[in-house]
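Asker: Take this structure first; my questions come after.
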Amino acid sequence: MNLRDLRQGMLPALVLCAALLPQQGLADSQFPVRPIRLIVPVSAGGGLDTTTRAIAQKLTQAWGQQVIVDNRPGASGVLAFDIAIKANPDGYTLLMMSADHVINSVPSAKRPYDIIRDVTAVSQATALSYLVYMNPSVQITTFRDLVAYGRANPGKLNYGTPGTGSLQHLGWEVLSQMSGAKFNHVPYKGGAPAIVATIAGDVQIGFITLTSARPHLQSGRARPLAVTSRERMRAMPDLPTVSEAGLPGYELNQYYGAVITSRAPPAIVRKLGGGIAAAVKAPDITQRFEADGWRLVGSGPEEFRAVIRADLEKWTKVIKDIGLILN
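In my numbering, each number is its position in the sequence shown, counted from 1, plus 92.
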């Protein structure tokens, strides 16, 4: 085949590609034209599910297409990730994930997917810090005193968490590494049992969200010491951050955000990200969530991708340092 024949053979293919490009652009601009599925890797009723449903309602109103929440709990999110990764890359199937799912995706966990390679970040919707709190029967009233006690009496105080390898567990491990204080870990099967145990005095300290803490703070059955965010919580402006109270640079945030199969078109990813960002910044959503200690983020794909990468690197190192094996 000579050069002339080669050019003639390629011409129809080039014409076809040129014809399809405007059609793809038109399809992207009209997106969505049918219902969207938001997969949630946990059971209905928790924080991630509640946040997802609030976002889904706003997106349904904005786009005129039903956004359906599909709860797929189990296997530490593996089932939900598998569905999202293998979905048609047309933008109609997304996954809402939390910071815990980044921990569950560290290389040593040997998951059947790669959170960097197989999914693309769409938008970080929210961030939520924890209160460091304790049972008031312990005569400690400040975070500095807590650290001092943990240094002088290693392992004497117990902290409860939702389980080994959870965000709260690793948050306490980092706190211990940075402070030199030693506390004893008591894992429970979920956040609610850990809170019950702390209020009952079975364990003495823990992390808790503002929503969960409110009734116990009002009744005097829990004492707040600090907040784990970089800045003070708007809902509790008098409570110092852990960083202010003696551990500069310490920060621990739960967060929720959307990802999609990495095969999805960039234009669709950007449109989805913009929609989620607008949803969480709506005045009624902002007012509702900030009152419970949430920070509304609404980031773009690039910003959320950077958060996931940084967290994956951080938790991979922490897990290796403490010799933890994730099942």
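Here a beta-carbon is modelled for each residue, glycine too, at the ideal position from N, C-alpha and C.
When the Cα of R209 is compared with those of I377, R355 and W386, which residue comes out closest?
Answerer: As a first step, residue 209 must be located in the sequence shown, where it is residue number 117. Ranking I377, R355 and W386 by Cα distance to R209 puts R355 first.
Asker: Quick one, which of S197, S190 and V389 has its alpha-carbon nearest L418's?
Answerer: As a position in the sequence shown, residue 418 is number 326, starting the count at 1. Here the closest residue by C-alpha is S197.
Asker: Where do the N-terminal and C-terminal ends of the beta strand (DSSP E) with V278 fall, by residue?
Answerer: Residue 278 sits at position 186 when you count from the first residue of the sequence shown. Note, V278: beta strand (DSSP E), N276 to P279.
Asker: Between the alpha carbons of L187 and P357, how many angstroms are there, rounded?
Answerer: Residue numbering aside, residue 187 sits at position 95 when the sequence shown is read from its first letter. Residue numbering aside, residue 357 sits at position 265 when the sequence shown is read from its first letter. Approximately 16 Å, taken between the alpha carbons.
Asker: Tell me where the beta strand (DSSP E) around T301 begins and ends.
Answerer: Counting from one through the sequence shown, the residue named residue 301 turns up at place 209. Premise fails: T301 is in no beta strand (DSSP E) and is neither H nor E.
Asker: Compare the beta carbon distance of F396 and A213 with 7 Å and say whether it is the shorter of the two.
Answerer: Residue mapping note: residue 396 aligns to position 304 of the sequence shown, counting from 1. Residue mapping note: residue 213 aligns to position 121 of the sequence shown, counting from 1. Taking 7 Å as the Cβ cut-off, F396 and A213 qualify as a contacting pair.
Asker: If you drop the 5 nearest sequence neighbours on each side, which residues of the same chain put their C-beta closer than 7 Å to that of G415?
Answerer: Within the sequence shown, the letter at position 323 stands for residue 415. Here the set comprises nothing.
Asker: Excluding sequence positions up to five away, which residues of its chain have a Cβ less than 6 Å from the Cβ of G283?
Answerer: Stepping through the sequence shown from its first residue, residue 283 is reached at position 191. Hits under 6 Å: P254.
Asker: Candidates L339, Q216 and R324: which alpha carbon is nearest L302's?
Answerer: Within the sequence shown, the letter at position 210 stands for residue 302. Nearest of L339, Q216 and R324 to L302, Cα basis: R324.
Asker: Under three-state DSSP, which class holds V361?
Answerer: As a working mapping, residue 361 is identified with position 269 in the sequence shown. Reduced to three states, the DSSP call for V361 is helix.
Asker: Against chain B, does R315 count as a neighbour if the rule is that its beta carbon must be under 7 Å from one of theirs?
Answerer: This model lacks chain B altogether; it includes just one protein chain.
Asker: Using a Cβ distance threshold of 8 Å, determine whether the region 129-141 contacts the region 176-191, with at least three qualifying pairs required.
Answerer: These segments touch.
Asker: Is it right to say L113 is buried, meaning 16 or more other beta carbons lie within 10 angstroms of its own, or is it exposed?
Answerer: Residue mapping note: residue 113 aligns to position 21 of the sequence shown, counting from 1. Here L113 scores only 47 on pLDDT, less than 50, and its place in the model is too uncertain to base an answer on.
Asker: From Q122, I377, P285 and I195, pick the residue whose C-alpha is nearest to that of T408; which is it?
Answerer: Taking the sequence shown and counting its residues from 1, the one referred to as residue 408 is at position 316. Of the candidates Q122, I377, P285 and I195, the one whose C-alpha sits nearest the C-alpha of T408 is I195.
Asker: Residues in its own chain within less than 7 Å of K150 by CB, not counting five upstream and five downstream?
Answerer: By one-based count along the sequence shown, residue 150 stands at place 58. Here the set comprises A371, A374 and I377.
Asker: For V239 and A273, I'd like the C-alpha separation in whole angstroms.
Answerer: In the sequence shown, counting from the first residue as 1, residue 239 sits at position 147. In the sequence shown, counting from the first residue as 1, residue 273 sits at position 181. Rounded to the nearest angstrom, the two C-alpha atoms are 6 Å apart.
Asker: Could you tell me the alpha carbon to alpha carbon distance between Q296 and L317, rounded to whole angstroms?
Answerer: Within the sequence shown, the letter at position 204 stands for residue 296. Within the sequence shown, the letter at position 225 stands for residue 317. In a straight line, the C-alpha of Q296 is about 13 Å away from that of L317.
Asker: Do V361 and P393 come within 7 Å of each other at the CB atom, strictly closer than that value?
Answerer: For the purposes of this step, residue 393 is taken as the residue at position 301 of the sequence shown. For the purposes of this step, residue 361 is taken as the residue at position 269 of the sequence shown. Cβ atoms of P393 and V361: closer than 7 Å.
Asker: Three Cβ pairs or more, each shorter than 8 Å: is that satisfied between the region 219-232 and the region 337-351?
Answerer: Yes: the two stretches touch, three or more of their Cβ pairs being nearer than 8 Å.
Asker: Which residues bound the beta strand (DSSP E) around R324?
Answerer: Translated into the one-based positions of the sequence shown, residue 324 becomes position 232. Here R324 belongs to no beta strand (DSSP E), and DSSP marks it neither H nor E.
Asker: Please look up how many angstroms separate the CB atoms of G365 and P228, rounded, as I've assumed it's under 8 Å.
Answerer: As a working note, residue 365 is residue 273 in the sequence shown. As a working note, residue 228 is residue 136 in the sequence shown. With 8 Å as the limit, G365 and P228 do not qualify as a contact, their Cβ atoms being about 44 Å apart.
Asker: Using the C-alpha atoms, what's the distance from A217 back to R391?
Answerer: Within the sequence shown, residue 391 is the residue found at index 299, counting from 1. Within the sequence shown, residue 217 is the residue found at index 125, counting from 1. Sequence inspection shows Ser at residue 391; the Arg mentioned does not correspond to that position. Answer to the nearest angstrom: the Cα atoms are 7 Å apart.
Asker: If I measure Cβ to Cβ from R326 and keep anything under 7 Å in the same chain, skipping five residues before and after, which residues do I get?
Answerer: In the sequence shown, the residue the question calls residue 326 occupies position 234. Around R326: E382.
Asker: Helix or strand or just coil, what does DSSP make of Y184?
Answerer: Residue numbering aside, residue 184 sits at position 92 when the sequence shown is read from its first letter. Coil.
Asker: Thinking C-beta only, is V159 closer than 7 Å to R145?
Answerer: Working through the sequence shown from its first residue, we reach residue 145 at position 53. Working through the sequence shown from its first residue, we reach residue 159 at position 67. For R145 and V159, no; Cβs fall outside 7 Å.
Asker: Quick check on the burial criterion: 16 or more other C-beta atoms within 10 angstroms. Buried or exposed for R243?
Answerer: As a first step, residue 243 must be located in the sequence shown, where it is residue number 151. With fewer than 16 other Cβ atoms within 10 Å, it is exposed.
Asker: In chain order, what residues of the same chain have a beta carbon less than 7 Å from the beta carbon of V410, not counting five sequence neighbours either side?
Answerer: Looking up residue 410 in the sequence shown gives position 318. Excluding positions up to five away in sequence, the list reads L262, E265 and V266.
Asker: Which residues in the same chain as A111 place their Cβ atom closer than 6 Å to its Cβ, once the five residues preceding and following it in sequence are excluded?
Answerer: By one-based count along the sequence shown, residue 111 stands at place 19. In this predicted model, A111 has a pLDDT of only 46, less than 50, meaning its place in the structure is not dependable enough to derive any value.
Asker: Could you round the C-beta distance between I177 and T290 to whole angstroms and report it? I think they count as a contact, below 8 Å.
Answerer: Counting from one through the sequence shown, the residue named residue 177 turns up at place 85. Counting from one through the sequence shown, the residue named residue 290 turns up at place 198. With a Cβ gap of about 37 Å, I177 and T290 do not count as contacting.
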